[in-house]
Ligand SMILES: Nc1ncnc2c1ncn2[C@@H]1O[C@H](COP(=O)(O)OP(=O)(O)O)[C@@H](O)[C@H]1O
Ligand SMILES: [Mg+2]
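Numbering (our numbering), first residue to last: 712 to 1042.
Below, the structure is given as structure tokens:
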């Protein structure tokens, strides 16, 4: 029943961005390269699957078509997690660093390249809660660079920043995205059905059923639809029904989890592995095992930032008081 598998790929940009017109207009006007004053910095906040990453990329694709002197770069800070790696990635993606190598490029050299460029550069820092504040401030200080900082939990991020960084980030424009409502998810799903499935083979009401299960999370909704359609095809079934959705619900959740893990940088991944190996582990033992296993360990504050990212991604949970913190893997 799948006619176009591409429309279900997570990296595939949606043809139409549904129900985010207000946020789209807001973002485009803040970043408009033709503004007389310098385009601003923006923070995007909202839960997982609310469309944060999608709206940022979608807006920049559109702005890029209208402006010749605009470059943009996208970095997932949970993957590219050293300051130098993040800055290198921005320079590379904007086409300003074809001649430099990732290894050995100092942060100062990357910042210099950005500063020397006459054009306007927009850097998307996704999962910015994982990023050290030093490259954040360095980028902030480059006049021709605007930042789009994306994270789930605004309070948690601000709490972890120094007062200097916090006051800067709070002066940025803010775009907030809530979980999708039921009818909005239905529209998002319907559009994927039209472009990727044989619609007549979906039972009446099954899209409503998927939207209910997904509870406002477009990523999970799309994964459920994809896994259900795959199940129908693999088992030579005719209809996509509610029991099919029930049968694959766990697979859809694992697909998202696996993808999250694959996108992690090596230090995030090691922390996760140590927690998984132990099932449950106290903070002291976790840090000791981590230090045993890496040659150049990240500082404790950095590790704590990475651990908070793992929690936000629903890979790990934590409980206990500050003195008696315990981490557990969630699978
Ligand atoms: N408004 C929308 N219209 C169409 N598809 C959407 C919309 N919002 C999210 N999606 C899809 O849902 C999935 C999750 O969106 P994403 O932007 O990755 O969420 P977030 O970054 O907030 O976790 C992606 O596959 C994206 O294409
Ligand atoms: Mg995202």
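The C-beta atom is built at its ideal place from N, Cα and C for all residues, glycine as well. All values reported here derive from a predicted model rather than from experimental measurement.
Measure the CB-CB distance between residue i and residue j and report whether it falls below 7 Å.
{"i": "residue 859", "j": "residue 839", "result": "no"}
{"i": "residue 753", "j": "residue 884", "result": "yes"}
{"i": "residue 986", "j": "residue 955", "result": "no"}
{"i": "residue 782", "j": "residue 805", "result": "yes"}
{"i": "residue 1019", "j": "residue 1030", "result": "no"}
{"i": "residue 1024", "j": "residue 971", "result": "yes"}
{"i": "residue 918", "j": "residue 905", "result": "no"}
{"i": "residue 876", "j": "residue 850", "result": "no"}
{"i": "residue 861", "j": "residue 837", "result": "yes"}
{"i": "residue 739", "j": "residue 770", "result": "yes"}
{"i": "residue 713", "j": "residue 929", "result": "no"}
{"i": "residue 784", "j": "residue 801", "result": "yes"}
{"i": "residue 731", "j": "residue 755", "result": "no"}
{"i": "residue 938", "j": "residue 962", "result": "yes"}
{"i": "residue 856", "j": "residue 737", "result": "no"}
{"i": "residue 967", "j": "residue 932", "result": "no"}
{"i": "residue 900", "j": "residue 924", "result": "no"}
{"i": "residue 903", "j": "residue 718", "result": "yes"}
Please confirm whether any heavy atom of ligand 2 lies closer than 6 Å to the CB of residue i.
{"i": "residue 763", "result": "yes"}
Where do the ends of the alpha helix (DSSP H) carrying residue i lie?
{"i": "residue 856", "result": "Per DSSP, residue 856 belongs to no alpha helix (DSSP H); it is in the beta strand (DSSP E), 856 to 862."}
{"i": "residue 1042", "result": "No alpha helix (DSSP H) holds residue 1042; DSSP gives it neither H nor E."}
{"i": "residue 1022", "result": "1011 to 1023"}
{"i": "residue 865", "result": "865 to 871"}
{"i": "residue 800", "result": "794 to 804"}
{"i": "residue 933", "result": "929 to 945"}
{"i": "residue 777", "result": "763 to 777"}
{"i": "residue 879", "result": "874 to 881"}
If you follow the beta strand (DSSP E) that residue i is in, where does it begin and where does it stop?
{"i": "residue 741", "result": "Counting along the chain, residue 741 falls outside any beta strand (DSSP E), though it belongs to the alpha helix (DSSP H) covering 732 to 742."}
{"i": "residue 781", "result": "781 to 787"}
{"i": "residue 966", "result": "From DSSP, residue 966 is part of no beta strand (DSSP E) but of the alpha helix (DSSP H) over 953 to 973."}
{"i": "residue 992", "result": "991 to 993"}
{"i": "residue 836", "result": "831 to 837"}
{"i": "residue 1029", "result": "1027 to 1030"}
{"i": "residue 844", "result": "First-last for residue 844: 844 to 851, but that is the alpha helix (DSSP H), not the beta strand (DSSP E)."}
{"i": "residue 885", "result": "884 to 887"}
{"i": "residue 811", "result": "No beta strand (DSSP E) contains residue 811, which DSSP labels as neither H nor E."}
{"i": "residue 904", "result": "That residue, residue 904, is in no beta strand (DSSP E); its alpha helix (DSSP H) goes 893 to 907."}
Just checking residue i against ligand 1 - is the residue's beta carbon closer than 6 Å to any of the ligand's heavy atoms?
{"i": "residue 1044", "result": "Residue 1044 cannot be examined here, being either before or after the span of the chain that is shown, 712 to 1042."}
{"i": "residue 759", "result": "yes"}
{"i": "residue 926", "result": "no"}
{"i": "residue 933", "result": "yes"}
{"i": "residue 930", "result": "yes"}
{"i": "residue 921", "result": "no"}
{"i": "residue 728", "result": "yes"}
{"i": "residue 801", "result": "no"}
{"i": "residue 725", "result": "yes"}
{"i": "residue 899", "result": "yes"}
{"i": "residue 721", "result": "yes"}
Does residue i have its Cβ less than 7 Å from a Cβ in chain D?
{"i": "residue 813", "result": "This model lacks chain D altogether; it includes just one protein chain."}
Tell me whether residue i, by its Cβ, gets closer than 6 Å to a heavy atom of ligand 3.
{"i": "residue 914", "result": "Among the ligands modelled here, namely ligand 1 and ligand 2, ligand 3 does not occur."}
Inter-stretch contact at 8 Å, needing at least 3 Cβ pairs: the segment 1013 to 1029 / the segment 974 to 988: yes
Given 8 Å, three or more beta-carbon pairs between the segment 755 to 771 and the segment 795 to 813: no
Inter-stretch contact at 8 Å, needing at least 3 Cβ pairs: the segment 986 to 997 / the segment 816 to 834: no
Meets three-Cβ-pair contact criterion under 8 Å: the segment 867 to 882 and the segment 903 to 912: no
Inter-stretch contact at 8 Å, needing at least 3 Cβ pairs: the segment 782 to 792 / the segment 919 to 939: no
Validate contact between the segment 994 to 1010 and the segment 955 to 968 using beta carbons, cut 8 Å, 3 pairs: no
The segment 722 to 729 contacting the segment 936 to 953, beta-carbon criterion three pairs below 8 Å: no
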